[in-house]
Amino acid sequence: MFSLQNAIGTFVSDGDVVALEGFTHLIPFAAGHEIIRQRVKGLTLVRMTPDIIADQMVAAGCVDTMVFAFTGNSSVGSLYAVRRAIESNGTGGLKLEEYSHYGLLARYQAGAAGIPFMPVRSYAGSDLVGINPQLRKVASPYEEDVETYVVPALNPDVAIIHAQRADRHGNVQSWGILGPQQEVAFASKRTILLVEEIVDDDIIRSDPNRTLIPGFVVDAVVECKYGAHPSFAQGYYDRDNDFYRSWSAISKDPQRLQAWIQEWIHETGGHEGYLTKLGEDFFHRLTPTPHLSSPVNYGSVL
Amino acid sequence: MFSLQNAIGTFVSDGDVVALEGFTHLIPFAAGHEIIRQRVKGLTLVRMTPDIIADQMVAAGCVDTMVFAFTGNSSVGSLYAVRRAIESNGTGGLKLEEYSHYGLLARYQAGAAGIPFMPVRSYAGSDLVGINPQLRKVASPYEEDVETYVVPALNPDVAIIHAQRADRHGNVQSWGILGPQQEVAFASKRTILLVEEIVDDDIIRSDPNRTLIPGFVVDAVVECKYGAHPSFAQGYYDRDNDFYRSWSAISKDPQRLQAWIQEWIHETGGHEGYLTKLGEDFFHRLTPTPHLSSPVNYGSVL
Amino acid sequence: MTSVIEKATAPASSPAYTVSELLAVVSCRYLQGKRRVFAGIGLPTLAVALAQKSTSPDIEQVYESGVCGAHPPKLPETIADASLATGAETILTMPVLFGYVLQGGWIDVGFLGAAQIDRFGSLNTSVIGPWDAPTVRLPGSGGAIEVMANSQEVFVVMRRHNTTSFVRELDFCTSPSPIAARRADPKVPTRGAGVTTVISELGVFTSDAEGELCLASIHEGVTVEQVREQTGWPVKVLDSVTVTPPPTEEELRLLRDDIDPGRVYLR
Amino acid sequence: MTSVIEKATAPASSPAYTVSELLAVVSCRYLQGKRRVFAGIGLPTLAVALAQKSTSPDIEQVYESGVCGAHPPKLPETIADASLATGAETILTMPVLFGYVLQGGWIDVGFLGAAQIDRFGSLNTSVIGPWDAPTVRLPGSGGAIEVMANSQEVFVVMRRHNTTSFVRELDFCTSPSPIAARRADPKVPTRGAGVTTVISELGVFTSDAEGELCLASIHEGVTVEQVREQTGWPVKVLDSVTVTPPPTEEELRLLRDDIDPGRVYLR
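Protein chains in written order, with the numbering used here: chain A, 1 to 302; chain B, 1001 to 1302; chain C, 2001 to 2267; chain D, 3001 to 3267.
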């Protein structure tokens, strides 16, 4: 059990390869903010879908290189800090390593499975092959004249993920959209886990098939309620679509963006301060009505 | 929705490559018995752990070739029909294609994923390489002088699996030990699913993360209560360890084994007859007391 | 890069429907007989929903998030809408969705959008200008490369039809047509037909036996000449070219009253 | 192939314990300081349970079925015991268990058994005689090849210690030692130390820097000469060779009263 501050301070260092994962759901925003707060520099940020959290980390100067498959703010706007750091008329300087969704996911899979590479059924004819030398071909040893593209194993220094619940040992249960969290946790040298709530061992053990990541893979367990805001945690709070829609206007103006980072990240001092600033009733409108799973019977010999 | 008889009759033909899967748990015994009843011949039986069901199918003359990783009857005895068909002093004639657990699982994974092969982190120095030409090496395109073993994709003609429950569309939910069922269902050209019970759509849809195999992968859904006996269905009935222990004595004597097949498979006429023969109260002693999972909240916008 | 959307919808004469409605209706019609559609949120969602409620009750939308058999009580605003997960038939893990479902060949139709498309249906969603010093950085592939390479066929919806979007040569080929893929890597097996159908604001292109996108129909009030002018390659026009039958009253009623009463996508 | 179990236990003098108890206790002692143990049902289960209750409360058993952090209310009879699943901390899918946990390098100690072991810890679990016309067909690898190739180290428990089980040359090398693996395929990376510890009915072998299994201790009532006679290769005896300290009363009490009161494995 760590505080968020302590977990980031202990396990994330300047220059690390850090994977912040979560596919539209359970994005570890609170952890990204804490990285900004601690002014970590020179990160290689690995994320299938760099979105607002990447825009913020790039704007705050934490990121040197971005390894990714899709960068954007859904259909509601652009990530202007990221674009300024890439486009020819911007300030530039952000290095990119670009994949497709499955290409990057397959890198996590190979990294988790200890194999040097993973074959994928794509990339032939794509210009990505020309700009990413990691996309290579291997001849099939089973058929004449058949080749497949492969991607290399990826083992980030740190994985940071958010989930609904875990026990104090770090046995993680999650539901709804799962993203690549299981893969990236196994692939990474260290894993920081943020959860909406720490629950009793008995809750976890009542449904072992729901545990996606065993505690032995997790280095730090952090209880961090609402830590995925403005993204969502299925069953706990819905996505703050208003915030997503408001981001373009903030991000487009570099000064306003820096002011936002100052006000909402640095000056809040921590995730507690961020929640206080949102206000006591903030999550009322985002809280769904309960919709429970039907139980399954594991049976008992007793 | 199919009857067991109709499902096997429609989707399993002489000479097919048939994967019967289930790792100690949810072994599709009823389906294996029906294959014997219909006197299907010349099968290539694919199974990570050929156990009693394989012994029965081999004894009944259904199987020409066995693709496997571990063949035995746990720690309680031998499979004498299989051994007679392999050992030099037996009648012989069973062709073998031998792997380790992950090697065969990885063949299913590659088959499911449409890639020509899957790298594995093993086999160097094993004599399996000498007797199984499917175990091959590929050079890593990322490091000098690094090679990895690979196994080729496997796409069986038919996968046969058993699960606790599904809806009438074939959306399958299973818990406890999961085995390679998800992989083999996706890898196979056709999938026959047997379940303990067909449940309402709402039950399945209350917990979508529990659905391991979507209905579109399933060609035939068969309701087949107690169809995994003498293996078990977590929460529904425990393993019939007495039967497992009794098997060696039956299997050791070819005449007794044929008599058993005649009595328990052919003369029962079908799974219903098999259950009738076991007797009405048979499953009382094997039925566990309930032990339910704690529900999770998916939340609802309504 | 001015849009011609206005030109297509402005004529006061017939269009009692918007471009969005037209694109959704036409896409829906081409979905007839299809079973599994891989699509994101937006017009494809409307097209699949309309198909479910009209010609193809069994059609199923698969989301890249892993959700299959979704039954949202209202139209999802984003792919990250919690209502897509609640009550769905299954939520697959990402390796299963991309590895087994998509690469495994279970998708009949993949829906893609793009900033640029070429004559044989290769798509650019990465950059305008050179990749290492782009004029405009676009989101990138996401799952598009995999959808193109693994679906039995691909539909592309293009809101803007002009010579900067229908181009002779892509600034960057993110998702290659199978033809381009085989040309680049003849030993890598391809699957499916690539882009078979392009539904734009001006008309519909379908691919011929060689994979070339040919004009199959023009929407009401659009001329073949207009399509030629707004397309960056010499357009092959099918002998059978027709005027797209306009949305029917029933199609429009379903879209407006049943499917998207809140006008989330029907702008 | 007569067993020497009787010889080791028969002497009326000291052994107030069975061979099973001795093997479990000695295995447990070597587990000290280890965290994650990959093991099947049987003696390894007893060893891990004893470690949990004595020297290593945090030690964890991982089952090849995917069950981790099992808390069965009574000793499981088989790996297929439903009580292993109920109340476990996690049940992983098979690709995660074999791919990510085992191949990923998370296992400290893998426990294996074998029909034959050689001087450097390669194991045969496949056949006696030639593979294509065996005298005795054994079960095969199962997960043994992966456990050997991917654990940080491997413990082997051999109930029977004689020249047909401790052999100069295996009939079939199912699971090769890392040394054998590197000799066969020098370009394929290996992980871990292979078999570091063999616990037999006669004594304990540990591997030296070259990976050779050397006699480290002999059990009460056994002589070094006896071990040499029953081993198919010239046995290297460590200078530090000792007599295995016999099970303590507390160890026996835990095994008999707490862990296996029903004598499922303590035969």
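For every residue, glycine included, the Cβ atom is placed at its ideal position computed from N, Cα and C. Bear in mind the structure is a predicted one, so any value in this text is a computation, not a measurement.
Simplified DSSP assignment, three categories, for residue i
| i | result |
| --- | --- |
| residue 2090 of chain C | strand |
| residue 119 of chain A | strand |
| residue 10 of chain A | helix |
| residue 3236 of chain D | coil |
| residue 2947 of chain D | Beyond the ends of chain D as shown, which are 3001 and 3267, falls residue 2947 of chain D; an answer cannot be given. |
| residue 2021 of chain C | helix |
| residue 3162 of chain D | coil |
| residue 3135 of chain D | coil |
| residue 3183 of chain D | helix |
| residue 3028 of chain D | helix |
| residue 3150 of chain D | helix |
| residue 236 of chain A | coil |
| residue 1181 of chain B | helix |
| residue 204 of chain A | helix |
Straight-line Cα distance separating residue j from residue i
| i | j | result |
| --- | --- | --- |
| residue 1289 of chain B | residue 1074 of chain B | 25 Å |
| residue 171 of chain A | residue 213 of chain A | 6 Å |
| residue 3250 of chain D | residue 1116 of chain B | 56 Å |
| residue 2013 of chain C | residue 2221 of chain C | For residue 2013 of chain C, the predicted structure reports a pLDDT of 46, less than 50, and the residue's modelled location is therefore unreliable. The matter cannot be settled from this model. |
| residue 2008 of chain C | residue 2115 of chain C | Residue confidence is low: residue 2008 of chain C scores 42 on pLDDT, short of 50, so the model does not pin down where it sits. Its coordinate-derived value is still stated next. Their backbone Cα atoms lie some 19 Å apart in a straight line. |
| residue 1248 of chain B | residue 1082 of chain B | 12 Å |
| residue 175 of chain A | residue 298 of chain A | 19 Å |
| residue 1281 of chain B | residue 1160 of chain B | 28 Å |
| residue 2122 of chain C | residue 2079 of chain C | 25 Å |
| residue 3226 of chain D | residue 3020 of chain D | 20 Å |
| residue 1146 of chain B | residue 97 of chain A | 24 Å |
| residue 2239 of chain C | residue 2193 of chain C | 22 Å |
| residue 3099 of chain D | residue 124 of chain A | 27 Å |
| residue 1002 of chain B | residue 1102 of chain B | 33 Å |
| residue 155 of chain A | residue 189 of chain A | 7 Å |
| residue 1199 of chain B | residue 1193 of chain B | 14 Å |
Span of the beta strand (DSSP E), counted from its first residue to its last, around residue i
| i | result |
| --- | --- |
| residue 1165 of chain B | 1158-1166 |
| residue 2061 of chain C | 2060-2062 |
| residue 3214 of chain D | 3213-3218 |
| residue 64 of chain A | 63-68 |
| residue 2207 of chain C | 2203-2207 |
| residue 1197 of chain B | 1190-1198 |
| residue 1131 of chain B | From DSSP, residue 1131 of chain B is part of no beta strand (DSSP E) but of the alpha helix (DSSP H) over 1128-1131. |
Integer-rounded CB distance, given that residue j should sit under 8 Å from residue i
| i | j | result |
| --- | --- | --- |
| residue 1007 of chain B | residue 1187 of chain B | The pair is not a contact, with the Cβ atoms about 19 Å apart (cut-off 8 Å). |
| residue 177 of chain A | residue 2067 of chain C | 7 Å |
| residue 180 of chain A | residue 48 of chain A | 6 Å |
| residue 46 of chain A | residue 19 of chain A | 4 Å |
| residue 1120 of chain B | residue 1106 of chain B | 5 Å |
| residue 2259 of chain C | residue 2022 of chain C | That belief does not hold up - the Cβ atoms of residue 2259 of chain C and residue 2022 of chain C are roughly 15 Å apart, past 8 Å. |
Endpoints, alpha helix (DSSP H) assigned at residue i
| i | result |
| --- | --- |
| residue 1037 of chain B | 1029-1037 |
| residue 1258 of chain B | 1254-1261 |
| residue 2253 of chain C | 2249-2253 |
| residue 1083 of chain B | 1080-1086 |
| residue 152 of chain A | Unbroken run through residue 152 of chain A is the beta strand (DSSP E), 147-152; no alpha helix (DSSP H). |
| residue 278 of chain A | 271-278 |
| residue 1107 of chain B | 1101-1113 |
Any C-beta of chain F under 8 Å from that of residue i
| i | result |
| --- | --- |
| residue 3033 of chain D | Absent from the structure is chain F; the protein chains it does hold are A, B, C and D. |
Check whether the segment 3166-3181 of chain D and the segment 3122-3134 of chain D are in contact - that is, three or more C-beta pairs closer than 8 Å. yes
Taking three-plus beta-carbon pairs below 8 Å as touching, is the segment 2139-2150 of chain C in contact with the segment 2205-2212 of chain C? no
Given 8 Å as the limit, is there contact between the segment 217-231 of chain A and the segment 249-256 of chain A, that is, 3 or more CB pairs closer than that? no
For the structure I just gave you, are there three or more beta carbon pairs, one from the segment 1105-1121 of chain B and one from the segment 3155-3162 of chain D, closer than 8 Å? With a cut-off of 8 Å on Cβ pairs, the segment 1105-1121 of chain B is not in contact with the segment 3155-3162 of chain D, counting fewer than three such pairs.
Could you check whether the segment 1060-1069 of chain B touches the segment 3101-3116 of chain D, counting it as contact only if at least three pairs of C-beta atoms, one from each stretch, sit closer than 8 Å? no
Stretch pair the segment 2148-2157 of chain C + the segment 2193-2202 of chain C: three plus CB contacts closer than 8 Å: yes
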